[in-house]
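S.K.:
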Amino acid sequence: MGILLAPGPVYVPEEVMLSQVKEMITHRSGAFRDLYVDLCTRSAKYVDAEEAYVVTGSGTLGIEMCILNCVKPAEKMLVLSNGNFGDLLATTAEVYTNVEKKSIPPGKGWDLEKAKGHVDESDAAVFGMVYNETGYGVRNHAKEIYQYAKKKGMLTIMDSVSAWPSLPMDMKGYCVDFFAVGCQKAIGAPPGAAVIGLGKDAIERIEGMERIPSHYGNLKRHRKTYKEKGQTPNTPAVTVFWAMQRCYDQMDKEGGVSAWVEKHRVISEYVRGRVEGMGLELIPEKGFESYSLTAFKHPKAAEVKKRMAEKYGISIVGCKGDFKDNGLRIAHMGLFDGKNLEIGLDALERVIREVA
Ligand SMILES: Cc1ncc(COP(=O)(O)O)c(C=O)c1O
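Residue 326 in the numbering used here sits at position 251 of the sequence shown; the count goes up by one each step and never skips.
1) One question on the structure: do Cys-250 and Val-201 come within less than 8 angstroms of each other, judged by their Cβ atoms?
2) Can you list the alpha helix (DSSP H) stretches of 4 or more residues lying completely in the region 143-196, in chain order?
3) Just to confirm the assignment, what range does the alpha helix (DSSP H) spanning Glu-303 have?
4) Is Asp-245 near ligand 1, with its Cβ less than 7 angstroms from a heavy atom?
5) Give the range of the alpha helix (DSSP H) segment to which Glu-417 is assigned.
6) With a CB to CB cut of under 6 angstroms and the five nearest residues on each side skipped, what residues in its chain are close to His-216?
7) Where does Ser-289 land, buried or exposed, given buried means 16+ other C-beta within 10 angstroms?
8) In whole angstroms, give me the CA-to-CA distance for Glu-337 and Ala-377.
9) Nearest by alpha-carbon distance to Lys-247: which of Leu-403, Arg-103 and Met-233 is it?
10) Using the C-alpha atoms, what's the distance from Met-76 back to Lys-386?
11) At which residue ranges does the region 231-297 contain complete alpha helix (DSSP H) runs of 4 or more residues, listed in the order of the chain?
12) Quick one: residues in its chain with C-beta nearer than 7 angstroms to the C-beta of Val-112, no 5 flanking neighbours on either side, listed in chain order?
13) Measure from the alpha carbon of Val-392 to the alpha carbon of each residue in Lys-381, Ala-384, Arg-404 and Asp-327, then state which is nearest.
14) Roughly how many angstroms lie between the CA atoms of Ala-190 and Asp-245, to the nearest whole one?
15) Answer yes or no: do Ser-237 and Asn-207 have a C-beta to C-beta separation smaller than 8 angstroms?
16) Among the candidates Val-256, Phe-398 and Ser-241, whose CA atom is the shortest distance from the CA of Ile-342?
17) What separation, rounded to the nearest whole angstrom, lies between the Cα atoms of Val-154 and Gly-203?
18) Closest to Leu-383 by C-alpha separation, out of Gly-354, Arg-425 and Asp-412, would be which residue?
19) Going by beta carbon distance, what residues of the same chain come within less than 8 angstroms of Ile-437, once the five residues before and after it are set aside?
20) Can you tell me whether DSSP reads Lys-372 as helix, strand or coil?
21) Could you give the DSSP three-state label for Arg-103: helix, strand or coil?
22) Please report the straight-line C-alpha distance between Ile-427 and Glu-196, rounded to a whole angstrom.
23) Confirm the yes/no value for this check: CB of Ser-237, any heavy atom of ligand 1, distance under 7 angstroms.
24) Would Asn-293 be called buried (16 or more neighbouring beta carbons within 10 Å of its own) or exposed?
25) Distance check for Lys-97 and Phe-316, CA to CA, integer angstroms please.
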């Protein structure tokens, strides 16, 4: 068996995989209601949301649902991008509204100093950005930016697909109204679901929307079915929900979200140390390094990736966009296995020498 060190879907331990192997239940049963209410209640508590819903689909669905339940065609959304997923956020929003996108080069991180002017100059009603830019392993300093955008009167949407719970989130403190995360990354589950967190202003906005341009993704339906039955409006990925519940149990067992964030911070520091110790240059700007993955440069990235897979059975991935030919990424998120990570880093060290 190989070792998966890609940034999602991430490695899923056997006990989580096995939690899915049970007799199927109907989503109109009490057993499903118990599962779904537990997942939604815990998700909301973890991120300090007013309400949270688990939807069947990938992270993109979660983000798209946040957008389409919030933006209006005649208004504008300001998107700050520093890479592929920031661009994708803008592309998704363009389907539903006018988008004003401001970019900094991939590898650079957004902080309030860089973002402030764009927020000040914008007349957008909605603000959005990516918390952790997965394409280059960049952790944006989102908290201060969201607080500022909110102070300026904007509704706020956050792509947290590869961020939470490797990074902290308290939606009220961060002033995030709409929040989305995929389950196949730092939560550590197999792919197939996204968590949507809603703040008070988000709920008010959704319920006040005259037209929501989606049936499946209409959060009024999700809210109504949850309130009336504690269930989902459509058939959910029941097995993935079981796996997510197992991941949440594990997170609680390890000390909860703050312990989980700290575990990611510590491992990211270790991996960066090992990578730099091999003489490799990190891609993210100093002070903006991701906790959930490490991105670094190598002039023969494709060759390194190929050798890692073929000789050692270790799956790492290249970077996106500007660094697609000379960037590589190693993930350390969710229920990552420290031993496997060590084996992966040792193999990387050998491969780097081989392809020098
Ligand atoms: C930051 C970010 N946003 C959005 C996505 C898209 O998520 P999905 O592939 O689950 O739809 C990803 C996937 O890697 C991501 O890392």
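Think of the CB as a built atom: it goes at the ideal place given N, C-alpha and C, for glycine as much as any other residue.
M.R.: Taking the definition as stated:
1) For the purposes of this step, residue 250 is taken as residue 175 along the sequence shown, with counting starting at 1. For the purposes of this step, residue 201 is taken as residue 126 along the sequence shown, with counting starting at 1. Going by C-beta atoms, Cys-250 is not nearer than 8 angstroms to Val-201.
2) 159-169 and 187-196
3) In the sequence shown, residue 303 corresponds to position 228, counting from 1. Where Glu-303 is concerned, the enclosing alpha helix (DSSP H) stretches over 294-304.
4) The count along the sequence shown starts at 1 and reaches residue 245 at position 170. No, since every heavy atom of ligand 1 falls outside the 7 angstroms radius drawn around the Cβ of Asp-245.
5) To locate residue 417, count along the sequence shown from 1; it is residue 342. It spans 413-429 - the alpha helix (DSSP H) in which Glu-417 sits, taken as one unbroken run.
6) Position 141 of the sequence shown, counted from the first residue, corresponds to residue 216. Once the five neighbours on either side are set aside, the close Cβ partners of His-216 are Asp-186.
7) Start at 1 with the first residue of the sequence shown, and residue 289 comes out as number 214. Classification of Ser-289: exposed, given that the 10 Å Cβ count is below 16.
8) The sequence position of residue 337 within the sequence shown is 262, counting from 1. The sequence position of residue 377 within the sequence shown is 302, counting from 1. When rounded, the distance between both Cα atoms is 32 angstroms.
9) As a first step, residue 247 is located in the sequence shown; it is residue number 172 there, counting from the start. If we check each option's Cα against that of Lys-247, Met-233 comes out closest.
10) Here residue 386 is taken as the residue at index 311 of the sequence shown, counted from 1. Here residue 76 is taken as the residue at index 1 of the sequence shown, counted from 1. Answer to the nearest angstrom: the Cα atoms are 13 angstroms apart.
11) 246-249 and 275-283
12) Here residue 112 is taken as the residue at index 37 of the sequence shown, counted from 1. Only Gly-305 meet the Cβ criterion.
13) On the sequence shown, residue 392 is found 317 positions in, with the first residue counted as 1. Considering only alpha carbons, the answer is Arg-404.
14) The residue you call residue 190 lines up with position 115 of the sequence shown. The residue you call residue 245 lines up with position 170 of the sequence shown. Going by the C-alpha atoms only, they are around 21 angstroms apart.
15) Within the sequence shown, numbered from 1, the residue matching residue 237 stands at position 162. Within the sequence shown, numbered from 1, the residue matching residue 207 stands at position 132. Yes, the Cβ-Cβ distance between Ser-237 and Asn-207 is below 8 angstroms.
16) As a working mapping, residue 342 is identified with position 267 in the sequence shown. Among Val-256, Phe-398 and Ser-241, the Cα nearest to that of Ile-342 belongs to Ser-241.
17) Along the sequence shown, read from residue 1 onward, the residue named residue 154 stands at position 79. Along the sequence shown, read from residue 1 onward, the residue named residue 203 stands at position 128. Approximately 5 angstroms, taken between the alpha carbons.
18) What you label residue 383 is simply residue 308 of the sequence shown in a count that begins at 1. What sits at residue 383 in the sequence shown is Met, not Leu. Selected option, being the one with the closest Cα: Arg-425.
19) With the chain running from 76 to 431 in the structure shown, residue 437 is simply not present.
20) One-based indexing of the sequence shown puts residue 372 at position 297. Strand at Lys-372.
21) Against the sequence shown, residue 103 aligns to sequence position 28. Three-state DSSP puts Arg-103 in coil, outside helix and strand.
22) By one-based count along the sequence shown, residue 427 stands at place 352. By one-based count along the sequence shown, residue 196 stands at place 121. Their Cα atoms are separated by approximately 46 angstroms.
23) Position 162 of the sequence shown, counted from the start, is the residue given in the question as residue 237. Yes, the Cβ of Ser-237 comes within 7 angstroms of a heavy atom of ligand 1.
24) Counting from 1 along the sequence shown, the entry for residue 293 is found at position 218. Asn-293 should be labelled buried.
25) One-based indexing of the sequence shown puts residue 316 at position 241. One-based indexing of the sequence shown puts residue 97 at position 22. Taking the straight line from one Cα to the other gives about 12 angstroms.
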